[in-house]
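Okay, structure first, notes after.
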Amino acid sequence: MTVVRLLRNPAAVALAAIVVGAVIMDVWAVRVVVSDTGQVWNGGQVTEEALAAFRLVQFANAVPEPATLVGVLALLGVIVIGAVTNRAGRPGADVSAARAR
0 MTVVRLLRNP
10 AAVALAAIVV
20 GAVIMDVWAV
30 RVVVSDTGQV
40 WNGGQVTEEA
50 LAAFRLVQFA
60 NAVPEPATLV
70 GVLALLGVIV
80 IGAVTNRAGR
90 PGADVSAARA
100 R
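Per numbering that gives the first Met the number 0, residue 0 is the first one in the sequence shown, and the count goes up by one each step.
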């Protein structure tokens, strides 16, 4: 019952989408960093491909920490919305009193 109520709440759906996006960004960044061999320079020659690979790895190094933080905070938001939705949806519960708290 609570899952159905959560799916009807646009804030919970948006936060769940943020969680999924953060997980995708985390996985992408970790895969890029792990697949980096560290050898982007070809015998001292700097090419556009080498610079692009270097920039991509530098960007991927900066992604996991903020993406994890955003994902965790969004998941906590979904949990809070679920708790409030569950509390307000009980039989005999005063919905206006639960929303006012």
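Ideal Cβ positions, reconstructed from N, Cα and C, are used throughout, including at glycine. All values reported here derive from a predicted model rather than from experimental measurement.
Task: Classification of G70 by the beta-carbon crowding that lies within 10 angstroms, buried from 16 upward - done: On the sequence shown, position 71 is the one that residue 70 refers to. Around the beta carbon of G70, 16 or more other beta carbons lie within 10 angstroms, which makes this residue buried.
Task: Own chain partners of L6 with C-beta closer than 8 Å, once the 5 adjacent residues on each side are dropped - done: Within the sequence shown, the letter at position 7 stands for residue 6. So the list reads V12, once near-sequence residues are dropped.
- [ ] Output yes or no for whether 8 Å exceeds the beta carbon distance between V77 and V33.
- [x] As a position in the sequence shown, residue 77 is number 78, starting the count at 1. As a position in the sequence shown, residue 33 is number 34, starting the count at 1. In this structure, V77 lies away from V33, with their beta-carbon atoms at least 8 Å apart.
Task: Ordered list of alpha helix (DSSP H) runs contained in the stretch 2-65, each at least 4 residues - done: Qualifying alpha helix (DSSP H) stretches, in chain order: 9-34, 47-61.
TODO: Just confirm the distance between the C-beta atoms of A73 and L14, as a whole number of angstroms; I'd bet it's less than 8 Å.
DONE: Working through the sequence shown from its first residue, we reach residue 73 at position 74. Working through the sequence shown from its first residue, we reach residue 14 at position 15. The Cβ separation is near 5 Å, so the contact holds.
Open item on the list: Among A59, L75, A10, whose alpha-carbon lies nearest the alpha-carbon of V31?
Closed with: Taking the first residue of the sequence shown as position 1, residue 31 is located at position 32. If you compare the alpha carbons of A59, L75, A10 with that of V31, the shortest gap goes to A59.
Task: Nearest neighbour of L64, chosen from R4, V26, V3, N8 [CA to CA] - done: Here residue 64 refers to the residue found at position 65 of the sequence shown. Per the sequence presented here, residue 64 reads as Glu, with Leu not at that position. It is V26 whose Cα lies nearest to the Cα of E64.
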